[in-house]
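> Just passing along the structure, written as structure tokens.
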Amino acid sequence: MPEKSVELQAAEGILLICFFCSLSIIKIKYKVYFNLCLFIAQLLIVLIHYKDGAIAYYTIFQSCMMFIVQYHLFFQDLGTFNNKRSLELKKLQTQNLVKYLLPTHILKQFLSNSNQRMVLVDQFEEATLLFADIAGFTEYSSRVEPEQVVNMLRNLFTEFDKICLTQNAYKLYTIGDCYVAFGIVDVTQRNPAQEAKNVVELGFKMIEIIRQVRSIIQFDGLDMRIGIHTGKVIGGILGTEIVRYDVYGADVMISNKMESNGERGKVQVSEETKQLLEQSYPDQFLFTFNKEVEFKSISRKTQGYFIDPIKNDSNQDFHDMNHFQFVNDLEQYQNTPQK
1 MPEKSVELQA AEGILLICFF CSLSIIKIKY KVYFNLCLFI AQLLIVLIHY
51 KDGAIAYYTI FQSCMMFIVQ YHLFFQDLGT FNNKRSLELK KLQTQNLVKY
101 LLPTHILKQF LSNSNQRMVL VDQFEEATLL FADIAGFTEY SSRVEPEQVV
151 NMLRNLFTEF DKICLTQNAY KLYTIGDCYV AFGIVDVTQR NPAQEAKNVV
201 ELGFKMIEII RQVRSIIQFD GLDMRIGIHT GKVIGGILGT EIVRYDVYGA
251 DVMISNKMES NGERGKVQVS EETKQLLEQS YPDQFLFTFN KEVEFKSISR
301 KTQGYFIDPI KNDSNQDFHD MNHFQFVNDL EQYQNTPQK
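Numbering follows UniProt numbering, with no gaps: position 183 of the sequence shown is 183.
Right under this line is the structure:
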């Protein structure tokens, strides 16, 4: 067999290395190690055979060609790597966003059938709903700049969202200055009494927060009016284009009416919620009768009660002002001139 020429060996070396470095299954760091070893080997060849002009020439030529090829392939791989990381990050952000838009059990079904139009429906007994409205919001928003209103709401609702997580409650949605939350998070491990307790304590904490915000923005007219009711609820989502979990039924309307028939700075619960809490937590809450609320459209009535925690050594303030991340943002309102 005739001996290969130096030119042919150089060409074969270039093709072999190009093939190796173009393989996408090989990690970038291994390609870097390979090229580093190759560079050292070629440098040694030049030093050893520097007197042989042909070998030195083709080694240097091969090195230059490989540098150009590797430069191109490296940045091609780097671009692919960055695009992959960017897509993974966006996927993670999307999953985190959807995770808070849908309850856990609905999310699993929704993602497993993402290519189909579907109706995901739940029906819950003894589900506790909270409706919270910012009393005095219209007057406040008329006195300050729109940017201040949006900033206050954003930071306030962000704190409410955090409390929902700590209280094991689920935020359904916000409409303007109205905040709606749900006591059911895990349908596989339900405890209606514990759910009601979590939602009531969420209401207490909301009032505590709004009062501290009120002192920061120096507007005493701002307060929370909260209504809570326990009953039969239908929940679900429809379709795949616009994702929103919502609840329906007569008891949803009753929850809303508990709020609208309540008072500033107080949490009003229905007779159904009161009975559920009294059975499981007889010594933790104090109930004060407010009024009888009639629902003519569904021919129902229920009693409304203001609820307060019974003070004891274990009860402490729900929040410390220093724990609020948005305090610094709100404190700037103190020096902002009002209209």
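Even for Gly, the Cβ is constructed at its ideal location relative to N, Cα and C.
Mind checking which residues open and close the alpha helix (DSSP H) that includes serine 255?
As a first step, residue 255 must be located in the sequence shown, where it is residue number 255. Run containing serine 255: 250-260, per the alpha helix (DSSP H) assignment.
> In the DSSP assignment, what residue or residues form a beta bridge with arginine 225?
The residue labelled residue 225 in the question sits at position 225 within the sequence shown. Partner(s): Asp133, Lys266.
> If you draw a straight line from the C-alpha of glycine 236 to the C-alpha of arginine 143, how long is it?
Here residue 236 corresponds to residue number 236 of the sequence shown, with the count starting at 1. Here residue 143 corresponds to residue number 143 of the sequence shown, with the count starting at 1. Distance between the alpha carbons of glycine 236 and arginine 143: 39 Å.
> Assign alanine 181 to one of three DSSP states: helix, strand, or coil.
The residue you call residue 181 lines up with position 181 of the sequence shown. Reduced to three states, the DSSP call for alanine 181 is strand.
> Using DSSP with H/G/I as helix, E/B as strand and the rest coil, what is valine 199?
Residue 199 sits at position 199 when you count from the first residue of the sequence shown. Looking at valine 199 - three-state DSSP - the assignment turns out to be helix.
> Quick one: residues in its chain with C-beta nearer than 8 Å to the C-beta of asparagine 261, no 5 flanking neighbours on either side, listed in chain order?
Here residue 261 refers to the residue found at position 261 of the sequence shown. Contacts found: Gly227, Gln268, Asn290, Lys291, Val293, Gly304.
> Distance check for isoleucine 209 and phenylalanine 157, CA to CA, integer angstroms please.
Taking the sequence shown and counting its residues from 1, one reaches residue 157 at position 157. Taking the sequence shown and counting its residues from 1, one reaches residue 209 at position 209. The straight-line gap from Cα to Cα measures roughly 10 Å.
> Can you tell which of Phe160, Arg300, Phe287, Asp283 has its C-alpha closest to the C-alpha of arginine 306?
As a first step, residue 306 is located in the sequence shown; it is residue number 306 there, counting from the start. Contrary to the premise, residue 306 reads as phenylalanine rather than arginine in this sequence. Taking only the C-alpha atoms, the option nearest phenylalanine 306 is Phe287.
> The alpha helix (DSSP H) spanning aspartate 308 covers which residue range?
Counted from its first residue, the sequence shown places residue 308 at position 308. Note, aspartate 308: premise wrong, no alpha helix (DSSP H); beta strand (DSSP E) at 300-309.
> Let me check one thing: in DSSP terms, what residues is leucine 153 bridge-paired to?
As a working note, residue 153 is residue 153 in the sequence shown. Leucine 153 pairs with nothing; no bridge assigned.
> Helix or strand or just coil, what does DSSP make of glycine 176?
Taking the sequence shown and counting its residues from 1, the one referred to as residue 176 is at position 176. Here glycine 176 sits in coil by DSSP.
> Please classify asparagine 83 as buried or exposed, where buried requires at least 16 neighbouring CB atoms within 10 angstroms.
Walking along the sequence shown from the start, residue 83 turns up at place 83. So asparagine 83 ends up on the exposed side.
> With a 10 Å radius around its C-beta and 16 neighbouring C-beta atoms as the bar for buried, classify tyrosine 245 as buried or exposed.
Against the sequence shown, residue 245 aligns to sequence position 245. Flag for tyrosine 245 reads buried.
> Just mark arginine 214 as buried or exposed, buried being the case when its beta carbon has 16 or more other beta carbons within 10 Å.
Counting from 1 along the sequence shown, the entry for residue 214 is found at position 214. By the 10 Å Cβ count, arginine 214 comes out buried.
> Are the CB atoms of alanine 196 and threonine 174 nearer to each other than 8 Å?
The sequence position of residue 196 within the sequence shown is 196, counting from 1. The sequence position of residue 174 within the sequence shown is 174, counting from 1. Contact: no.
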